[in-house]
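The sequence shown lines up with residues -20 to -1, 1 to 78 when you count with mature numbering (1 follows the signal peptide of the UniProt record, and there is no 0). Glycine included, each C-beta is placed from N, C-alpha and C at the ideal position. These notes concern the structure reproduced below.
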Amino acid sequence: MGKQLLLALALATAASPVLAADTLRCGSQLISTGDRSSEVLQKCGEPVSRDLLGYKRSGNRREEFQVEEWTYGPNGGMYQYLRFEGNRLVQITSKRGN
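In structure tokens form, the structure reads like this:
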């Protein structure tokens, strides 16, 4: 039973259309979660689109910061979505385009 569950989980993960990563290659440069938006812009260039998703409060609830999603691609049929919170890269996801 354990092997069947493990196999089912592996297949479900492999079939997932969205992949998350901590780093992304932009030409010969690498960007990583934690990088500033200005660093990403310098290394990757202007994104195809920038979407303001809203605002988020900090853990101590005293500050509010902007949440943005930048889109790059398609590159080899993949789009990269970069999420910034307070001008820091917090998430990199990739999804195959239609």
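Taking the alpha helix (DSSP H) that residue i falls in, what are its first and last residues?
| i | result |
| --- | --- |
| E43 | Here E43 belongs to no alpha helix (DSSP H), and DSSP marks it neither H nor E. |
Excluding the 5 residues preceding and the 5 following residue i in the sequence, name in chain order all residues of the same chain whose CB lies nearer than 6 Å to its CB.
| i | result |
| --- | --- |
| L10 | T3 |
| G66 | F45 |
Starting from the C-beta of residue i, find all residues in its chain whose C-beta is less than 8 Å away, skip the five residues before and the five after it, and write them out in chain order.
| i | result |
| --- | --- |
| G77 | G53, P54, G57, M58 and Y59 |
What three-state label does DSSP hand residue i in the structure shown?
| i | result |
| --- | --- |
| V70 | strand |
| E26 | coil |
| S8 | coil |
What whole-angstrom Cβ distance do residue i and residue j have, given they're in contact under 8 Å?
| i | j | result |
| --- | --- | --- |
| E49 | L33 | 6 Å |
| T51 | V28 | 5 Å |
Along the chain, where does the beta strand (DSSP E) that runs through residue i open and close?
| i | result |
| --- | --- |
| E65 | M58 to E65 |
Could you tell me the alpha carbon to alpha carbon distance between residue i and residue j, rounded to whole angstroms?
| i | j | result |
| --- | --- | --- |
| G7 | V47 | 26 Å |
| K23 | G39 | 30 Å |
| E71 | R42 | Going by the sequence as given, residue 71 is Gln instead of Glu. Distance between the alpha carbons of Q71 and R42 is about 23 Å. |
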